[in-house]
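Undergrad:
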Amino acid sequence: MQAQSNFNTNNPDPMNIVFIGKATNNPVVKMIKKQQGGEKELVEFGIAVRNRQSGVTFMSCVSTGLLTNAAKQICKGSKVYVSGRFETSRFQDKFGTEMQSSKVFTTEVAVLYSPLQENSGDEDELTGESTVDPTVNATNNERASKRMTDTDMAEPTIE
């Protein structure tokens, strides 16, 4: 008797992944039509993630909902924390060639460091206080108005 597997190769469940990397480009904002009518904002950006085995892996990321506000704060060279669903789709290009595309649909986005913060004068000249909006980090499970503390923004340690 052969053991049966619950793994379905025709419709695999999406993988949840978490990574920190550097933005490879500025985010691209798109408006897409909803099935129910109206439009929905979508933000796409790329992240380069270093790993010990193969050097660098490039990830394409997509943010919607509250996460678009956080994703819009990304600029090329920003250090970004991303959590999301990794999904792969297959399609045929205009020449009929079978193609594959992989994307991360974000559930959390946080800008840990931005090269613009050093050069853009993000401090009020009179008070010396930061003028960077603390609400740029968001998840689908929390309000965009939640203030992030320095400990929330700390890079996770790997043991």
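Quick note, the sequence shown lines up with residues 479 to 637 if you use my numbering. Backbone N, C-alpha and C define an ideal beta-carbon position, used for all residues, glycine too. These numbers were taken from a predicted model, which means no experiment stands behind them.
Output the boundary residues of the beta strand (DSSP E) element that contains asparagine 529.
TA: If you number the sequence shown from 1, residue 529 lands on position 51. Counting along the chain, the beta strand (DSSP E) containing asparagine 529 begins and ends at 517-529.
Undergrad: Helix, strand or coil for lysine 572? Go by DSSP, reduced to three states.
TA: For this step, residue 572 is matched to residue 94 along the sequence shown. Here lysine 572 sits in coil by DSSP.
Undergrad: Give a yes or no on whether the C-beta atoms belonging to valine 589 and valine 558 are separated by under 8 angstroms.
TA: Along the sequence shown, read from residue 1 onward, the residue named residue 589 stands at position 111. Along the sequence shown, read from residue 1 onward, the residue named residue 558 stands at position 80. For valine 589 and valine 558, yes; Cβs fall inside 8 angstroms.
Undergrad: Please list, in chain order, all residues of the same chain as valine 521 whose beta carbon is under 8 angstroms from its beta carbon, the five residues on each side excluded.
TA: The count along the sequence shown starts at 1 and reaches residue 521 at position 43. So the qualifying residues of the chain are Pro505, Val506, Val507, Lys508, Val540, Ser541, Thr542, Leu545, Thr546, Ala549 and Lys550.
Undergrad: Check whether chain C comes within 8 angstroms of leucine 590, counting only Cβ atoms and requiring the distance to be less than that.
TA: The structure shown contains no chain C, having only a single protein chain.
Undergrad: Would DSSP call phenylalanine 497 helix, strand or coil?
TA: On the sequence shown, position 19 is the one that residue 497 refers to. Phenylalanine 497 falls in the strand class under three-state DSSP.
Undergrad: With distances taken between CB atoms, is the gap from threonine 585 to arginine 568 smaller than 8 angstroms?
TA: As a first step, residue 585 is located in the sequence shown; it is residue number 107 there, counting from the start. As a first step, residue 568 is located in the sequence shown; it is residue number 90 there, counting from the start. Against a cut-off of 8 angstroms, the Cβ pair of arginine 568 and threonine 585 comes out as no contact.
Undergrad: Tell me the DSSP secondary structure of threonine 546 in three-state form.
TA: Here residue 546 corresponds to residue number 68 of the sequence shown, with the count starting at 1. Three-state DSSP puts threonine 546 in a helix.
Undergrad: Locate the beta strand (DSSP E) running through isoleucine 510, then write down its first and last residues.
TA: As a first step, residue 510 is located in the sequence shown; it is residue number 32 there, counting from the start. It spans 506-511 - the beta strand (DSSP E) in which isoleucine 510 sits, taken as one unbroken run.
Undergrad: How many angstroms separate the CA atom of phenylalanine 536 from the CA atom of valine 560?
TA: Residue numbering aside, residue 536 sits at position 58 when the sequence shown is read from its first letter. Residue numbering aside, residue 560 sits at position 82 when the sequence shown is read from its first letter. Computed Cα separation, rounded: 13 angstroms.
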